[in-house]
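Reading through the structure tokens given below for one structure.
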Amino acid sequence: MDKETIVSSRPDREIRKIVVAQGDYTLVPYEDSRCKIVLTNVNCKNDSGKCTIEEESKIFGNNFDGNVLIGDSDFFIDKDFELILQQMCCGEKCEATLVYRNSKGELVKEISCNIHLQEVTEEQLISDWSWQRLFEAATHHKQKGIQLVKEKRFTEAFRRFNKALKMIIAIEPVDPAVIDEATVKEITDSKIKLYNNLAYLQLQYHEYDAVLQLCDRVLKLDQLNVKALYRRSLAYSGLKMYEEAWVDVQNGLKLDPNDKAFQQQANTLKPILEQRNENYTNVIKKMFN
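Count along the sequence shown from 1, then add 10; that gives the number in my numbering.
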């Protein structure tokens, strides 16, 4: 049995493992590898004794089938578990420990288990993937992200959308001799939706500069995109750039005069702009008087 090694460490979390049986060092999991594992002797404790692992964990859940796709987990414990797998070899057996502490350094949860990495499916590097596989994977991550947004899990959703966007960008430049026009449009539409989704998430964290950049990218691809105009207007408002926000609102209302979101934004901006204009007029009057 080898000595215990640190897989990953930070103040609130430490992941450790001890190799019990060596595996094939030439075959290790990496991003998007498919792993078949056997998980045994799972224990969870804290300072009060035995405790349970959150239901959100799929790997430690009752319905886990032993299959792990590296990079496809959303819950933090499962993502940490993937870090262990990425430092294992095919055939390896190890004892793993995941320790979580609060800001005071007190033990919140300690999970221990035995892992046998039975199989690792050798995958192509993403750079070698076909455009079809890239688009399929991007669609998968986008759909996962949409579900996470519905669950208000914004951080995990952002990660999914960002990963999907990277795969869409990896398809570029699109070769019209290889990809038909209808599919090119579908890829572009997906890219627009991902930019918009990321802009929505950035708004939740008041990252207004990032929202502006994302919405600008949408509007370069689709000048009449209502969602991008609305979200850029909100970002401009957050940066107190009210005139720019007003322009986007007016353009949005031209596209859809009955849009309630734009109407509400217009009602919010109008008194602000009127007050600013009044203040400006008073300053000019004082200057000439």
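Glycine included, C-beta positions come from ideal geometry on N, C-alpha and C.
I'd like the span of the alpha helix (DSSP H) that includes residue i, first residue to last.
i, result
"Glu254", "252 to 265"
"Leu239", "236 to 248"
Round the Cβ separation of residue i and residue j to the nearest angstrom and send it over; I've been treating them as touching at under 8 Å.
i, j, result
"Glu92", "Ile80", "5 Å"
"Arg143", "Lys154", "Rounded, the Cβ-Cβ distance is 17 Å, inconsistent with contact."
"Glu243", "Gln273", "Checking the displayed sequence, the identity of residue 243 turns out to be Ser instead of Glu. Actually they do not touch by this definition, with Cβ atoms about 12 Å apart."
"Asn56", "Lys119", "6 Å"
"Arg227", "Tyr246", "About 16 Å; that fails the 8 Å criterion."
"Lys103", "Val30", "4 Å"
"Leu211", "Phe164", "5 Å"
"Ala106", "Ser122", "7 Å"
"Val313", "Leu279", "In the structure as shown, the chain begins at 11 and stops at 299. Residue 313 is therefore absent and cannot be evaluated."
"Asp90", "Ser67", "Actually they are not in contact, since the Cβ atoms of Asp90 and Ser67 sit about 10 Å apart, beyond 8 Å."
"Leu249", "Leu224", "Contact flag wrong, Cβ pair sits at about 14 Å."
"Cys100", "Leu175", "Incorrect: roughly 31 Å between the Cβ atoms, too far for contact."
"Ile202", "Asn235", "7 Å"
"Tyr240", "Ala271", "6 Å"
"Tyr252", "Leu283", "6 Å"
"Tyr14", "Ile28", "The question names Tyr, but residue 14 is Glu in the sequence shown. Right, the Cβ-Cβ distance comes to about 5 Å (below 8 Å), so this counts as a contact."
"Ala180", "Ile136", "7 Å"
Using the three-state DSSP reduction, which class does residue i fall into: helix, strand or coil?
i, result
"Asp22", "coil"
"Asp34", "strand"
"Arg163", "coil"
"Lys270", "helix"
"Lys27", "strand"
If you measure from the CB of residue i, is any heavy atom of the ligand COA nearer than 7 Å?
i, result
"Cys61", "The model depicted lacks the ligand COA and carries no ligand whatsoever."
Can you check the region 46 to 129 for any beta strand (DSSP E) of at least 3 residues that lies completely inside it and give the ranges in chain order? 77 to 79, 103 to 111
With a threshold of 8 Å, are at least 3 pairs of Cβ atoms found where one atom belongs to the region 108 to 118 and the other to the region 142 to 150? no
Give a yes or no on contact between the region 33 to 50 and the region 120 to 132, applying the rule of three or more CB pairs nearer than 8 Å. yes
For the 8 Å Cβ check, are there 3 or more pairs between the region 158 to 165 and the region 70 to 78? Flag = no, the region 158 to 165 and the region 70 to 78 do not touch.
What are the start and end residues of each continuous alpha helix (DSSP H) run of 4 or more residues lying completely inside the region 174 to 219, in chain order? 191 to 214
Does the count of Cβ pairs from the region 214 to 223 and the region 169 to 189 closer than 8 Å reach three? no
Answer yes if the region 30 to 46 comes into contact with the region 94 to 101, meaning at least three C-beta pairs across the two stretches below 8 Å, and no otherwise. yes
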